[in-house]
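Undergrad:
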Amino acid sequence: MAIHKIQINDFISDDYELIALHSSLEDYKLAYCLNKELGLQLQKNDNYVEIAIPEGKSSFENFAFDDEKNDVIWTLIENKTTIINSDKRTSSLFEQVDITVFLLPEYKKADYLIKIENIDYGFDTDEIIEKILKIKNVTTAYSVDTTNLKSKNNLIF
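Residues 3 to 159 (this note's numbering) are what the sequence shown spells out, left to right.
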């Protein structure tokens, strides 16, 4: 009798694209510009993406758009956030420490990430990046190779 082993990786499929953005825009302004340039309807999501770290929980703001016509989900999320770690034993203002937490630590220089889910093989990421680069305060945008990401679990939200 033959034994058939099933690997957990057999069920993991990368049916999403990830675009990193470098921009000085605030998140709501960037969402507005992306809506205008790409024809999206990104709206602020009240549910923050939370990641547990030893110092506490970090929350990442995000904007989402469920394109039901094309069955694609767009998510704009900040890549870095700051949490204030204060020692409960001290009451001095200057003893509070700001800790910067990254959603994808491999891309610390990226300010925002765009996750595009449920895409098919005909989806043209380069065309999307070209349109994003037309936005005035976007310094650069590029596709992220998700196959070698160590923090891939942070993208499950």
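Glycine included, each C-beta is placed from N, C-alpha and C at the ideal position.
Under the three-state reduction of DSSP, which class applies to residue 12: helix, strand or coil?
TA: Only weak support exists for where residue 12 lies, its pLDDT of 43 falling under 50; the value from the coordinates is given anyway. If DSSP states are grouped into helix, strand and coil, residue 12 belongs with the helices.
Undergrad: Check for me: the beta strand (DSSP E) holding residue 112 runs from which residue to which?
TA: Counting along the chain, residue 112 falls outside any beta strand (DSSP E), and DSSP gives it neither H nor E.
Undergrad: Any idea if residue 109 is buried or exposed, counting beta-carbon neighbours within 10 angstroms, 16 or more meaning buried?
TA: Label assigned to residue 109: buried.
Undergrad: Would a C-beta distance cut-off of 7 Å place residue 51 and residue 159 closer than the cut-off?
TA: Against a cut-off of 7 Å, the Cβ pair of residue 159 and residue 51 comes out as a contact.
Undergrad: Could you have a look at residue 2 and say whether DSSP puts it in helix, strand or coil?
TA: Outside the shown range of the chain (3 to 159) lies residue 2, about which nothing can therefore be said.
Undergrad: Could you check whether residue 20 and residue 117 sit closer than 7 Å to each other, using their CB atoms as the reference points?
TA: For residue 117 and residue 20, yes; Cβs fall inside 7 Å.
Undergrad: For residue 123 and residue 156, I'd like the C-alpha separation in whole angstroms.
TA: C-alpha separation (whole angstroms): 24 Å.
Undergrad: Kindly identify the DSSP beta-bridge partner or partners of residue 36.
TA: DSSP, once it has assigned bridges, lists no residue as partnering residue 36.
Undergrad: If I measure Cβ to Cβ from residue 60 and keep anything under 6 Å in the same chain, skipping five residues before and after, which residues do I get?
TA: Contacts found: 53, 83, 85, 103.
Undergrad: Residues in the same chain with beta-carbon distance under 8 Å from residue 135, minus the five sequence neighbours each way, listed in chain order, please.
TA: Within the same chain, residue 135 has close Cβ partners 142, 143.
Undergrad: Less than 7 Å between C-beta atoms, sequence neighbours within five positions excluded: which residues of the same chain meet that for residue 47?
TA: Here the set comprises 64, 65, 66.
Undergrad: Keeping to the same chain, check which residues put their C-beta closer than 6 Å to that of residue 69; ignore five residues upstream and five downstream.
TA: Here the set comprises nothing.
Undergrad: To the nearest angstrom, how far is the alpha carbon of residue 107 from that of residue 148?
TA: Their Cα atoms are separated by approximately 13 Å.
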